[in-house]
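Single-structure report; data block below.
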Ligand code: SF4
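In my numbering, the protein residues as written are 11 to 278.
Below, the structure written as structure tokens:
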């Protein structure tokens with residue numbers, strides 16, 4: 011689960027602010043399908059300003075359409091289909107960014123899963139050429155693609171959902187644990203600045219699971235870690251909207267941070 015507009019935890023990415031009247035033009039849709047260089051990615055929405063999605067940067071957030079996983083706690087199910095109905099032309103994003111040169115520091119690509127789209131590298135290059143720092147929110151679904159993108163990234167926010175073997179319970183995908191943890195190793199090995207984040211749902215993460223996860227992350231070399239509370243009422247799966255258990259206590263959650271150079275609890 012990736013970040014939302016007001017916090018990185020995917021909590022509220024539904025209100026995207028490119029005017030609807032400028033979306034969905036037939037020409038834009040067809041050029042997206044062709045993978046036209048002018049439209050390298052399928053943009054589901056743009057948040058023009060965020061102070062929370064790219065650490066220490068004022069950034070625009072570009073939401074890309076599509077995700078292959080099916081997390082029950084996903085807050086943005088409308089971004090899961092590969093072909094969304096509400097596509098923003100890439101040229102509109104670059105026009106906007108041109109108008110914000112000198113005013114914004116960076117651009118973060120979020121989703122959905124941004125690395126799903128093969129044109130993301132092209133989009134990142136264009137953003138860099140415009141003079142912005144580049145950030146990525148990813149669940150690490152495509153380690154190979156992520157590795158190829160890292161030279162074009164200044165920062166990565168990695169959504170690490172749980173321990174490796176427990177992943178399929180959350181994502182519905184058998185290979186997801188290996189993919190995500192492989193991506194985590196790649197990010198840490200690259201030297202690109204990063205933050206790892208876990209969204210905690212009481213029915214999916216108990217205290218023992220979180221302690222094991224924190225230990226594994228610390229052993230891997232994670233330095234910046236965030237635990238954020240899932241807003242259960244927004245979960246895609248109705249069965250998760252009313253948790254059967256309480257969240258592990260604040261003190262216990264806080265103690266997990268002892269292993270990291272920088273640690274924070276969000277919404278907890
Ligand atoms: S990885 Fe899971 S939470 Fe993130 S966009 Fe995909 S389905 Fe939603």
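No residue lacks a Cβ here, since even glycine has one placed at the ideal position from N, Cα and C. Note that the structure is predicted; figures quoted are calculated from it, not measured.
Just to check, is the beta-carbon of residue i closer than 8 Å to a non-hydrogen atom of the ligand SF4?
i: residue 208; result: no
i: residue 149; result: yes
i: residue 90; result: yes
i: residue 128; result: no
i: residue 87; result: yes
i: residue 222; result: no
i: residue 278; result: no
i: residue 169; result: yes
i: residue 191; result: no
i: residue 184; result: no
Under a three-way DSSP split, which group does residue i fall into?
i: residue 191; result: helix
i: residue 58; result: strand
i: residue 173; result: coil
i: residue 142; result: coil
i: residue 205; result: strand
i: residue 71; result: strand
i: residue 51; result: coil
i: residue 106; result: helix
i: residue 33; result: Only weak support exists for where residue 33 lies, its pLDDT of 38 falling under 50; the coordinates are left without a value.
i: residue 42; result: Below a pLDDT of 50, predicted positions are generally treated as unreliable, and residue 42, at 39, falls in that range; the measurement from the model is reported next regardless. It is helical.
Closest by CA to residue i, which one among the options?
i: residue 76; options: 128, 251 and 234; result: 128
i: residue 166; options: 198, 231 and 94; result: 198
i: residue 84; options: 269, 149 and 174; result: 149
i: residue 71; options: 62, 233 and 109; result: 62
i: residue 240; options: 210, 55, 60 and 68; result: 210
i: residue 119; options: 78, 69 and 110; result: 69
i: residue 114; options: 140, 268, 96 and 183; result: 140
i: residue 51; options: 249, 244, 136 and 265; result: 136
Look up residue i in the DSSP assignment and give the residues it is bridged to.
i: residue 232; result: Residue 232 is not bridged to any residue.
i: residue 147; result: 167
i: residue 114; result: 111
i: residue 238; result: 209 and 276
i: residue 64; result: In DSSP, residue 64 forms no bridge with anything.
i: residue 120; result: 73
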